[in-house]
Amino acid sequence: MSKEQEKKSVEETSKKKQLDSFTKDNNGQKMTTNQGLKVSDDENSLKAGERGPSLLEDFYLREKIMHFDHERIPERVVHARGYGVHGYFQVYESLAEFTKAKFLQDPSVKTPVFVRFSTVAGSRGSGDTVRDVRGFATKFYTEEGNYDLVGNNIPVFFIQDAIKFPDLVHSFKPEPNNEIPQAQTAHDTFWDFVANNPESAHMVMWAMSDRAIPRSYRMMEGFGVHTFRFVNQEGKSRFVKFHWKPKLGVRSLVWDEAQKIAGKDPDFHRRDLYEAIEMGQAVEFELGVQMIEEEDEFRFDFDILDPTKLWPEEVIPVKIIGKMTLNRNPDNYFAETEQVAFHPGNVVPGIDFSNDPLLQGRLFSYTDTQLTRLGGPNFHEIPINRPVCPFHNHQNDGYHRMTINKGPVSYHKNSLQNNTPATSTEEEGGYVHYQEKVEGRKVRTRSDSFNDYFSQAKMFWNSMTDVEKEHILSAFCFEVGKVKNKGIRKQVVDLFSHVDYELAKEIASNVGVDGSISNHESTVTLNSPALSQETKSKSPKSSKIAILAEDGFNSLELNGVLDALNEAGAIPEVVSNHLGVLSNDEGQKLDVSYTFQTSDSVLFDAIYVAGGEKSVEKLMAQKEVEDFIYETFKHYKTIGAADDAVKLLEKIGLQLNQPGIVAKTNTKDLNAFNKDFIEAITEQRHWKRQL
Ligand code: HDD
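So the sequence shown is numbered by the working numbering: it starts at 1406 and just counts up by one.
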């Protein structure tokens, strides 16, 4: 199928058609009030005399101001900042053996999806690149109703029981007395929570790792976190965990970069996703499942109901089952991204829950929160939330009801309407809960099998490369270093001495915790290579390359580099001293995308300094250019320069033999140079570089 045909077929999906029926284009229309009355003047309120007081009679002024006064709705209590996009999902082959979920049966079926990526802690207007977990929520609009997979980019969670969620969130949100700090966990209350709730240790290790500063929403994994169930047509059930694997690989920022981007471009991730889709780049994630047979529930050294535990991929492999393609930005942020309402309880036949106590609590929270956020019980009627299949029941009335239900009957059972809407049998597609056997006393307690807080935290640590370990250590030093209370700093060090004694000692010496630290280190030697980002495949695709150039650039060389970059799927953009067009003596032109004022090295993945005597001379005269190059160097990113442009690197004092510096004077073979440059970009970061 051609790209064009594919796009068309998606545009014709039932969800797109449904949304279109609610979409309104004001372009070219006459202005009216909300009652449809044509407006004659939209700039002056009605007054008693030209310089007189405004009149209460002015219904148009009142309507306009009233609507404006109520344009905001409460932001999400967590995950307030996010960005949503449309797409579709296709299963690779029928999963009938494992689940009867209809959207997982037929590879030719494209199920429309809406995905909202988010940060957790910050307010709606906070920066995108803060250190935080990222939300990854997918709504599948299936023929059998909406199925929501509401996950994160980290496979485990901070707590084991939903009853602790309000405490966790209160601890990481800004402190209540002064509302400081915004979108950060680097403060006393969060670390006080961690220190006193050791079940959080595993997830904290992840949150201190590079996973918490992704390069792009397109370059992070997603996880359903909890154990769910698949149930097949025969009623056989298996435990299942869900994974999203990005086709572009997993990439992260470095911390210094992440902090600077939060100022230079707070919309960095949102813009990245929006622009990739506008440029027609496919944003793809494969869906994978890990499955455990019902009879193997107790075969592991962790409890599969404990959400602070993952299932090592080396022990329980991830079976890739299908692919999600995200390819359409919403028409309206508020109507779609802000009003979308996810709920882990939105399931379809073939998918069921486990007794994970965190999941069980979530099943209440999500519909409940929408009542306040979206103003009543009819939020399922908002276009973005509507299923694509018909829905009928007696749940009528309430705020903002859109549907006009006909007839006198609004109860079940009835004779007046032949007892309709009628319930469905399992064979007819009625949802029937898996008949799991449960027995026990009514107790407010936690299973002892949830008590091992440190083995998997240690496994995560063991699985990191040296560079990843260094990043985790410096994240701890930053975060705990911001904690004012000395006692809490000491408690945190003690807690992480249960994970790794050396790590705890290093944190202690950095954050001023003296005195002896007990060595409680877990003896676990488990290692799961799949947990390291450095083991993931790498690609130059979608890397943004700043081309630093001025008038007089060497076009032969530059055109070769631009072709090579485009062919590799990278995105070159010219940065210069002024916007407009650059030229050279051969009459070649080059469009400038950014100036040194409107961009910054942190917004790119690599740079190329264009050659050409005059261009290089002009670049050399600018301090901003030096800063641009030096910072790229400091963030371990690739720097390319050929022929006379190499002088510029030498002037800054960069050693040309350092990893990731592709600098060649007297380049005879431009193809070889371009190959090296693309290879270096594919590597992404050159950690062996000596700073
Ligand atoms: Fe949650 C939003 C993911 C535990 C209560 N959560 C929310 C979103 C994501 C997650 C991605 C944003 C959805 C969107 O884009 O609109 N939450 C998770 C994961 C969890 C988790 C992966 C653990 C495995 N959450 C969790 C618990 C509770 C909540 C234990 C409450 C008991 N979450 C909420 C909420 C939110 C929410 C308050 C805020 C806005 C919303 O639901 O619609 O109900």
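Cβ coordinates follow ideal geometry from the N, Cα and C atoms, glycine included. Keep in mind that this is a model prediction, so the values were computed, not measured.
(Q) Are the CB atoms of E1786 and M1807 within a distance shorter than 7 Å? (A) yes
Q) Sorry if obvious, but does the Cβ on S1450 come closer than 6 Å to a heavy atom of ligand 1? A) no
Q.
Excluding the 5 residues flanking G2016 on each side, which residues of the same chain have their C-beta closer than 6 Å to its C-beta?
A. N1959, E1962, A2047, D2048, D2049 and A2050
Q. What is the residue span of the alpha helix (DSSP H) that I2107 lies within?
A. Past the boundaries of the shown model lies residue 2107; the chain is included only from 1406 to 2096, so the question cannot be answered.
**Q.** Nearest-angstrom beta carbon gap, A1740 and I1682 [assumed within contact, 8 Å]
**A.** Incorrect: roughly 17 Å between the Cβ atoms, too far for contact.
Q. Do you know offhand how far K1887's Cα is from R1536's?
A. 14 Å
Q.
Would you say the beta carbon of Y1546 is closer than 6 Å to some non-hydrogen atom of ligand 1?
A. no
Q) Do D1757 and V1636 have their C-beta atoms closer together than 7 Å? A) yes
Q. Does DSSP classify P1517 as helix, strand or coil?
A. strand
Q | Opening and closing residue of the alpha helix (DSSP H) in which H1876 lies | A | Start and end: D1871 to G1886.
Q) Taking 6 Å as the cut-off, does the CB of L2075 come closer than this to any heavy atom belonging to ligand 1? A) no
Q. Between which two residues does the alpha helix (DSSP H) harbouring K2023 extend?
A. Segment E2018 to M2025, the alpha helix (DSSP H) holding K2023.
Q | Span of the beta strand (DSSP E), counted from its first residue to its last, around G1892 | A | From DSSP, G1892 is part of no beta strand (DSSP E) but of the alpha helix (DSSP H) over K1891 to F1901.
Q | Nearest-angstrom Cα separation, counted from F1494 out to T1516 | A | 5 Å
Q. Under the rule that 16 or more other beta-carbon atoms within 10 Å means buried, what is L1451, buried or exposed?
A. Looking at its Cβ environment, which holds fewer than 16 other Cβ atoms inside 10 Å, L1451 is exposed.
Q | Straight-line Cα distance separating G1965 from I1470 | A | If you take the alpha carbons of I1470 and G1965, they lie about 57 Å apart.
Q: Examine ligand 1 and report whether any of its heavy atoms sits within less than 6 Å of the Cβ of V2117.
A: This structure cannot settle anything about residue 2117, because the visible part of the chain is limited to 1406 through 2096.
Q. Where are the alpha helix (DSSP H) runs, 4 residues long or more, that stay fully inside the stretch 1943-2030, in chain order?
A. 1960-1972 and 2018-2025
Q | Buried or exposed (CB count within 10 angstroms, at least 16 for buried), K1413 | A | For K1413, the predicted model reports a pLDDT of 48, less than 50, meaning its position is unreliable; a value from the coordinates is still stated below. The residue is exposed, with fewer than 16 neighbouring Cβ atoms inside 10 Å.
Q) Mapping DSSP to helix, strand and coil, what is I1789? A) helix
Q: Compute the minimum distance between the beta carbon of T1774 and the heavy atoms of ligand 1, and state whether it is under 6 Å.
A: yes
Q: Measure the Cβ-Cβ separation of I2086 and T2037 and say whether it is below 7 Å.
A: No, the pair does not count as a contact, with Cβ atoms beyond the cut-off.
Q: In angstroms with no decimal places, state the Cα-to-Cα distance between A1900 and H1575.
A: Ala is not the amino acid found at residue 1900; the sequence shown has Leu there. When rounded, the distance between both Cα atoms is 21 Å.
Q | For K1646, the residue or residues it bridges with in DSSP | A | Q1695
Q. Which residue spans inside the stretch 1454-1528 form an unbroken alpha helix (DSSP H) run of at least 4?
A. 1464-1474
(Q) Given 6 Å as the limit, tell me if F1562 has its C-beta closer than that to any heavy atom belonging to ligand 1. (A) Closer than 6 Å to some heavy atom of ligand 1: that describes the Cβ of F1562.
Q | Contact check, L1967 vs P1977, beta carbons under 7 Å | A | yes
**Q.** Exposed unless 16 or more other CB atoms sit within 10 angstroms - verdict on F1443
**A.** In the sequence as presented, Phe is not what sits at residue 1443; that position holds Lys. The residue in question, K1443, is exposed, as its Cβ has fewer than 16 Cβ neighbours within 10 Å.
(Q) So, at 7 Å on beta carbons, what are the nonlocal neighbours of V1885 in its own chain, with the 5 sequence-adjacent residues on each side left out? (A) Answer for V1885: W1596, R1894, V1897, I1912 and V1916, listed in chain order.
(Q) Any heavy atom of ligand 1 inside 6 Å of the beta-carbon of F1747? (A) yes
Q: Compare the beta carbon distance of M1688 and R1623 with 7 Å and say whether it is the shorter of the two.
A: Inspection of the sequence shows that residue 1688 is occupied by Val rather than by Met. Going by C-beta atoms, V1688 is nearer than 7 Å to R1623.
Q.
Here's a check: name, in chain order, each residue in its chain whose Cβ is nearer than 7 Å to the Cβ of A1600, leaving out the five neighbours to either side.
A. Only residues of its own chain outside the window of five on either side were considered, and among them I1893, Q1896, V1897 and L1900 have a CB closer than 7 Å to the CB of A1600, listed in chain order.
Q. Taking all protein chains shown into account, do 16 or more other C-beta atoms lie within 10 angstroms of the C-beta of E1498, making it buried, or fewer, making it exposed?
A. exposed
Q. Within the present structure, is the beta-carbon of L1460 separated from the nearest heavy atom of ligand 1 by less than 6 Å?
A. For L1460, the shortest separation between its Cβ and any heavy atom of ligand 1 does not lie below 6 Å.
**Q.** Three-way DSSP call (helix, strand, coil) for K2093 in this model
**A.** coil
Q. Going by C-alpha distance, which of T1418, E1455, P1571 and T1543 is nearest V1483?
A. P1571
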